[in-house]
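Chains as they are written, first to last, in our numbering: chain H, 1 to 191; chain Z, 1001 to 1025.
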Amino acid sequence: SCPVAPASRSSQEVWESFSQCFTPAVKEVVEFAKSIPGFQTLSQHDQVMLLKSGTFQVLMVRFCSLFDPKERTVTFLNGQTYSLASLRALGMGSLLDAMFEFSEKLGSLGLEPDEMALFMAVVLVSADRSGIVEVGAVEQLQENLIKALRSLITSRRPDDSTLFPKLLLRLPDLRTLNNHHSDKLLAFRID
Amino acid sequence: PKTHRVMTLADHISHIITQDFARNQ
């Protein structure tokens, strides 16, 4: 529910309100992670490391539903719709372009909400491993989640053997998005 | 004058996660 500002406000103020959007969204990913079966059996250190390296990618998947690739618009949860052009003023043009492209590919797979949630769990535990101490435990959790995702998808679409591989191919896309864009700058006013 | 703290998306995410886990310890 991002209150990106009407035209009257300066781009700095727009930037601040856009930056504020991320705080609740990140907290929701942390709560989501804690609900993933097995995630809290990992060491606290490894939970924090996975979240630090995977949260941006999970957010990218979550934000997909806000993007309309055909109309090139973004509709925030408060109902405000913005064209790609108007959002370029925020200086996130390249990230937005990449997001439109990614959401088009992911959207075309037509996942159900529970499949999308399980995919986000896979995204999180597939995040960068540098800094992980008990790699074996994380690998085991990842394997279990991938198995669950595969059986959920194949049970619903027994005659479609291409969907699951296509879905896993989105993981490298997300890693690229993360490497290219997680260093975008945010700005917070300190009164 | 208003002062600003500028940080990357990644640092902002790390900051929130560290805070959350510290609070729930």
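Heads up, the beta-carbon is just placed ideally off N, CA and C, and yes, glycines get one too.
Endpoints, alpha helix (DSSP H) assigned at residue i
| i | result |
| --- | --- |
| V122 (chain H) | P113 to V125 |
| A61 (chain H) | The residue you asked about is not Ala; residue 61 (chain H) is Val in the sequence shown. First-last of the alpha helix (DSSP H) with V61 (chain H): Q44 to F63. |
| V74 (chain H) | Not the alpha helix (DSSP H): V74 (chain H) falls in the beta strand (DSSP E), residues T73 to T75. |
| T154 (chain H) | V135 to R156 |
Distance CB(residue i)-CB(residue j) smaller than 8 Å
| i | j | result |
| --- | --- | --- |
| L59 (chain H) | V30 (chain H) | no |
| F102 (chain H) | L186 (chain H) | no |
| S126 (chain H) | Q142 (chain H) | yes |
| T1008 (chain Z) | S19 (chain H) | no |
| E104 (chain H) | P69 (chain H) | yes |
| L106 (chain H) | V61 (chain H) | yes |
| S43 (chain H) | E134 (chain H) | yes |
| F67 (chain H) | M99 (chain H) | yes |
| L149 (chain H) | V122 (chain H) | yes |
| I132 (chain H) | M49 (chain H) | yes |
| P26 (chain H) | I1013 (chain Z) | Note that residue 26 (chain H) is Val in the sequence shown, not Pro. Yes, they are a contact pair. |
Cβ neighbour criterion (16 or more within 10 Å) applied to residue i
| i | result |
| --- | --- |
| L169 (chain H) | exposed |
| L145 (chain H) | buried |
| T81 (chain H) | exposed |
| R52 (chain H) | In the sequence as presented, Arg is not what sits at residue 52 (chain H); that position holds Lys. Buried: at least 16 other Cβ atoms inside 10 Å. |
| S151 (chain H) | exposed |
| L118 (chain H) | buried |
Amino acids of chain Z, ordered along the chain, whose beta-carbon sits closer than 8 Å to that of residue i
| i | result |
| --- | --- |
| D183 (chain H) | T1008, L1009 and A1010 |
| T55 (chain H) | I1013 and I1017 |
| V48 (chain H) | I1017, T1018 and F1021 |
Contacting residues, own chain, Cβ-Cβ under 8 Å from residue i (five flanking each side not counted)
| i | result |
| --- | --- |
| Q40 (chain H) | K34 and Q47 |
| L166 (chain H) | Reading off the sequence, residue 166 (chain H) comes out as Lys, not Leu. Answer for K166 (chain H): L109, listed in chain order. |
Opening and closing residue of the beta strand (DSSP E) in which residue i lies
| i | result |
| --- | --- |
| M176 (chain H) | The sequence shown places Thr at residue 176 (chain H), rather than the Met named in the question. Premise fails: T176 (chain H) lies in the alpha helix (DSSP H), R170 to H181, not in any beta strand (DSSP E). |
| T81 (chain H) | T81 to S83 |
Contacts around residue i, its chain only, beta-carbon distance under 7 Å, and the 5 residues preceding and following it disregarded
| i | result |
| --- | --- |
| L95 (chain H) | H181 and K184 |
| M92 (chain H) | K184 |
Contact list for residue i against chain Z, beta-carbon separation under 7 Å
| i | result |
| --- | --- |
| T23 (chain H) | I1016 |
| L51 (chain H) | I1017 |
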